[in-house]
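Accompanying notes for the structure given below.
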RNA sequence: GGAGAGAUGGCCGAGUUGGCUGAAGGCGCUCGCCUGCUAAGCGAGUGAGGGGUGAAAGCUCCUCCGAGGGUUCGAAUCCCUCUCUCUCCGCCA
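In the working numbering, the protein residues as written are 312 to 735.
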């Protein structure tokens, strides 16, 4: 959410930012309701003041045994008027709030203009692409041959777009989760979190999934609860409503969770393999920072995620999401895209974003500077470090051998019980 | 699932026959004093959000005692609903 004062005084800029993202909003209604809200509020405050003063007077008179009936009658009328105005106020406030909740974040000035993902500039490319002297298989075919992935059985158990890992495949997934968490906690200074996998509506609203994107979520029947689409939601909400001390910032959390996404509107896209599933595992990085350091922290967050790929030896590129591709809550996002040789494309494996105060304002996460009065909103950031299923897919495809086996990166050997290679 | 207790400021904790209590007291924190050092001591200050006014310091008004609603001239205090926490019983990984 953007600050109401900012929106109020920068309507043209908001409009411009919206159009850069290819979006629109009903700013005219916002203007009207906001103005109305203010005049009504002023009127209410005046009446409340009068009521407070006279009520005190009534108290004094009663104490002295005087008759205050006239004042009481008067105030009865005032109370009625206040009630009426309060109703009108809340009507306008609700409209204003709904519009505010529907406004996406303002892109940072370093975000390039563009209409969609095809216009995301590549920031860097790391690693060398594998050069096969045979036709590389897609990971789903490898998974089947190696008997470590079985999507047919998963479909039998649940339905389409669910993974079933078997044997070494299950072990590999678990190894990667532990490996990633270990790197982030021991090398990068993050604190490990294991959060609830189900969250309430308030938490989803704070991070921006709601109210706009409810159709992307799995909702529990009979509860106003949702399955987490990313650990970002429960972890960011750890500090909701809190006023943090300056000294404890930045706060760095890393968390493994499964992620559940309805993938509404993506039918027919990436139907094969581990790329687009209703359930996948992810290790997430979350930061709470002071405003002046958040963009530096975004760079280190990106580096922390990249480190995983560097250690694993997987080739990737980093793109800077353009205005048209930027997520709703983000002010700036880098995507890390992993090379998938069988398809000959780069696929997103991590998304690292600075939300500035957008989520903090909704979640009311503030901090206090030492020796200064008042509070400020923190900046929140997060990024995948990394999506585990897609990492498995990338490992299989990039490290496949002519004999159908797949080499396991050395860093994972201890996590695989010494296994260096998966063979059919 | 059954029975009961509770939710107050950064923290602890008073306040429920409704009326100068935005909230005593303590801790913590900030500034000053004192003090060979440390500790202790003394003095002052110290919630948040919003509005008006002002160049600013400030002054002033409104709101907030888990959330929402109600009663009342007036509610932290009374009533209702919800959420959460704790205790006991039951059940259970």
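Even glycine gets a Cβ: it sits at the ideal position worked out from N, Cα and C.
Please check the pair residue i and residue j, which I expect to be a contact at CB under 8 Å, by giving their CB distance rounded to whole angstroms.
i: residue 518; j: residue 640; result: 7 Å
i: residue 736; j: residue 435; result: This structure does not reach residue 736, given that the chain is present from 312 up to 735, and the question cannot be answered.
i: residue 411; j: residue 313; result: 7 Å
i: residue 689; j: residue 601; result: 7 Å
i: residue 431; j: residue 633; result: 5 Å
i: residue 548; j: residue 674; result: 6 Å
i: residue 636; j: residue 425; result: 7 Å
i: residue 730; j: residue 719; result: 6 Å
i: residue 355; j: residue 393; result: 6 Å
Using CA coordinates, which residue listed in the options is at the minimum distance from residue i?
i: residue 654; options: 357, 450, 495, 363; result: 450
i: residue 361; options: 390, 488, 614; result: 390
i: residue 543; options: 611, 697, 732, 713; result: 697
i: residue 610; options: 452, 693, 416, 533; result: 693
i: residue 596; options: 533, 333, 617, 576; result: 617
i: residue 399; options: 351, 675, 644; result: 351
i: residue 343; options: 429, 502, 408; result: 408
i: residue 501; options: 565, 548, 444, 551; result: 565
i: residue 532; options: 550, 675, 511, 627; result: 511
i: residue 605; options: 550, 551, 664; result: 664
i: residue 551; options: 669, 627, 332, 482; result: 669
i: residue 656; options: 731, 514, 713, 440; result: 440
i: residue 442; options: 728, 730, 677, 713; result: 713
i: residue 488; options: 735, 727, 422; result: 727
i: residue 631; options: 490, 730, 686, 418; result: 418
i: residue 541; options: 424, 393, 355, 661; result: 661
i: residue 514; options: 676, 580, 637; result: 676
Taking the DSSP output, what are the residues bridged to residue i?
i: residue 695; result: 595
i: residue 687; result: 678
i: residue 503; result: 565
i: residue 718; result: 732
i: residue 476; result: 460
i: residue 385; result: None, per the DSSP bridge assignment.
i: residue 600; result: 690
i: residue 554; result: 677
i: residue 657; result: 650
i: residue 711; result: 717
i: residue 643; result: 665
i: residue 530; result: 537
Where does residue i sit, in a helix, a strand or coil, going by DSSP?
i: residue 648; result: strand
i: residue 569; result: strand
i: residue 539; result: coil
i: residue 344; result: helix
i: residue 628; result: strand
i: residue 364; result: helix
i: residue 577; result: coil
i: residue 429; result: helix
i: residue 434; result: strand
i: residue 458; result: coil
i: residue 560; result: coil
i: residue 587; result: coil
i: residue 510; result: strand
i: residue 668; result: coil
i: residue 377; result: coil
i: residue 351; result: helix
i: residue 446; result: coil
i: residue 662; result: strand
i: residue 467; result: helix
i: residue 409; result: helix
i: residue 498; result: coil
i: residue 546; result: helix
i: residue 314; result: coil
i: residue 334; result: coil
i: residue 524; result: coil
i: residue 419; result: coil
i: residue 424; result: coil
i: residue 636; result: coil
i: residue 582; result: coil
i: residue 400; result: helix
i: residue 323; result: helix
i: residue 439; result: coil
When you measure from the CB of residue i to every non-hydrogen atom of the ligand PLP, does any distance come out below 7 Å?
i: residue 638; result: Absence of the ligand PLP from the depicted structure is noted, as is the absence of any ligand whatsoever, leaving it without description.
(request) Say whether the region 338 to 351 touches the region 391 to 409, bearing in mind that this needs 3 or more beta-carbon pairs closer than 8 Å, one atom from each stretch. (result) yes
(request) Answer yes if the region 687 to 706 comes into contact with the region 621 to 632, meaning at least three C-beta pairs across the two stretches below 8 Å, and no otherwise. (result) yes
(message) Contact between the region 456 to 466 and the region 649 to 665 is defined here as three or more beta-carbon pairs at a separation below 8 Å; is this criterion met?
(response) Not touching, per the Cβ criterion.
(request) Take every Cβ of the region 561 to 571, pair it with every Cβ of the region 582 to 594, and state whether three or more of those distances are shorter than 8 Å. (result) yes
(message) Under 8 Å: do the region 662 to 682 and the region 552 to 562 share three or more Cβ pairs, one atom per stretch?
(response) yes
(message) When you compare the region 502 to 509 with the region 460 to 477, are there three or more beta-carbon pairs, one atom per stretch, that lie closer than 8 Å?
(response) no
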